[in-house]
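Here's the structure we're looking at; comments come further down.
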Amino acid sequence: MELRRLGDSGLLVSAVGLGTNNFAGRLHDEAARLVLNEALEQGITFIDTADVYGRGSEEGTGASESQLGRLLAGRRNRFVVATKFGMPMTESPLERGASRHWIAQAVEASLRRLRTDYIDLYQIHTPDPATPIDETLRALDDLVRSGKVRYVGHSNFAAWQIIDADWTARTEHLVRPISAQMHYNLLTRGIEAEVIPACRAHGLSVIPYFPLESGFLTGKYKAGGEGRGRLPDSYRAADVMTPANFERIGAFEKWAVERGRSLLDLALGWLLSQPIVASVIASASTPEQVRANVAAAGRRLTAQQLESFEAL
Numbered sequence: 044m045e046l047r048r049l050g051d052s053g054l055l056v057s058a059v060g061l062g063t064n065n066f067a068g069r070l071h072d073e074a075a076r077l078v079l080n081e082a083l084e085q086g087i088t089f090i091d092t093a094d095v096y097g098r099g100s101e102e103g104t105g106a107s108e109s110q111l112g113r114l115l116a117g118r119r120n121r122f123v124v125a126t127k128f129g130m131p132m133t134e135s136p137l138e139r140g141a142s143r144h145w146i147a148q149a150v151e152a153s154l155r156r157l158r159t160d161y162i163d164l165y166q167i168h169t170p171d172p173a174t175p176i177d178e179t180l181r182a183l184d185d186l187v188r189s190g191k192v193r194y195v196g197h198s199n200f201a202a203w204q205i206i207d208a209d210w211t212a213r214t215e216h217l218v219r220p221i222s223a224q225m226h227y228n229l230l231t232r233g234i235e236a237e238v239i240p241a242c243r244a245h246g247l248s249v250i251p252y253f254p255l256e257s258g259f260l261t262g263k264y265k266a267g268g269e270g271r272g273r274l275p276d277s278y279r280a281a282d283v284m285t286p287a288n289f290e291r292i293g294a295f296e297k298w299a300v301e302r303g304r305s306l307l308d309l310a311l312g313w314l315l316s317q318p319i320v321a322s323v324i325a326s327a328s329t330p331e332q333v334r335a336n337v338a339a340a341g342r343r344l345t346a347q348q349l350e351s352f353e354a355l
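Heads up: the sequence shown runs through residues 44 to 355, numbered per the working numbering.
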């Protein structure tokens, strides 16, 4: 497994990361343990979760972190653990956002659920327009100085927000974000216009989420309604499973097969052929899916293939 530097920091993360949005909600402890064991066997050291993951499970919001904490016992130092804060945890307006008030509570709750005394990468899950970025960064800087957090990042920021956060951190001598977790894949490339140039200019890596568009980019769903999975029942189905997108992935799959690849190979290999990408967050429900993701991600595209695909 290739290790890549996260942003312009010294932190190394595995090129394939393990997303745990499925943990607790869909995977009981033993099933999740098998996935985590296989990830480690395959060289995956980067795990991504969030305080809000697990909503809808028996354990409730925070269950993903709690399950991960149980499974990491005795081997915490073998992984780089990333989590996120900022999404609503309850109906209360006091239990969300990026204020110093909430960050102080959220980090302690995540540490407790993860059963650890430090978080490797602590990420702002979504912009908080009600809180000045200066306040957020000062609170995060205090956490880094205390040792509870090692590095900070953000998710779903617009380009101007990325630049604003970096400028504020530099001018106020505060901890700088090193990563931007963004929705990025073969079908969703809107961040290439402004977000990626902003990250490149300010020394951040991109961590793509939904790299397979909830399974759509594996080719298992067909326009006629064939294919079993969660996407057809998801709120995202209307945006993803469109006639235009089925036509696009048909062309992508034809291009891949002509070069001895699968659509999965193309989806993950293409992302990791982008220099700005540090690690691709891929969820898995079985050890077999972990192995398939790692194998596919290893099939990078040559410069000539990238040029050919862009022409397509």
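Each residue gets a CB set at the ideal place from its N, CA and C atoms; glycine is no exception.
Under 8 Å between C-beta atoms of residue i and residue j
i       : j       : result
Gly-68  : Gly-97  : yes
Gly-50  : Ser-198 : no
Ala-149 : Asp-91  : no
Val-59  : Ala-340 : yes
Ser-316 : Leu-70  : no
Gly-312 : Leu-344 : yes
Ala-223 : Phe-200 : yes
Ala-266 : Pro-286 : yes
Leu-55  : Leu-79  : no
Asn-120 : Ser-326 : no
Val-323 : Leu-309 : no
Span separating the alpha-carbon of residue i from that of residue j
i       : j       : result
Gly-62  : Gly-112 : 14 Å
Ala-346 : Gly-86  : 26 Å
Gln-374 : Ser-351 : Since the first and last residues shown for the chain are 44 and 355, residue 374 lies out of range.
Glu-178 : Leu-230 : 35 Å
Asp-282 : Val-195 : 31 Å
Trp-203 : Pro-170 : 11 Å
Tyr-161 : Gly-190 : 7 Å
Glu-45  : Gly-303 : 22 Å
Ile-250 : Ser-52  : 14 Å
Trp-210 : Arg-243 : 14 Å
Gly-140 : Val-300 : 45 Å
Ser-135 : Ser-305 : 46 Å
Ile-221 : Thr-214 : 16 Å
Leu-154 : Met-132 : 16 Å
Gly-262 : Asn-336 : 14 Å
Glu-84  : Arg-47  : 18 Å
Leu-260 : Pro-175 : 38 Å
Leu-183 : Ile-319 : 24 Å
Glu-73  : Glu-353 : 42 Å
Leu-307 : Val-333 : 12 Å
Helix, strand or coil at residue i according to DSSP, with G and I counted as helix
i       : result
Ile-146 : helix
Lys-297 : helix
Ile-239 : helix
Ile-87  : coil
Gly-196 : strand
Gln-204 : helix
Gly-233 : helix
Asp-51  : coil
Val-218 : coil
Leu-349 : helix
CB-CB length for residue i against residue j, believed under 8 Å
i       : j       : result
Arg-193 : Val-187 : 7 Å
Gly-156 : Glu-235 : What sits at residue 156 in the sequence shown is Arg, not Gly. At roughly 35 Å, the Cβ-Cβ gap does not stay under 8 Å, so Arg-156 and Glu-235 are not in contact.
Check: In chain order, which continuous runs of the alpha helix (DSSP H) of length 4 or greater are located wholly inside the stretch 96 to 144?
Finding: 106 to 114
Item checked: Complete alpha helix (DSSP H) runs within the stretch 312 to 340 (minimum length 4 residues, chain order) -> 330 to 340
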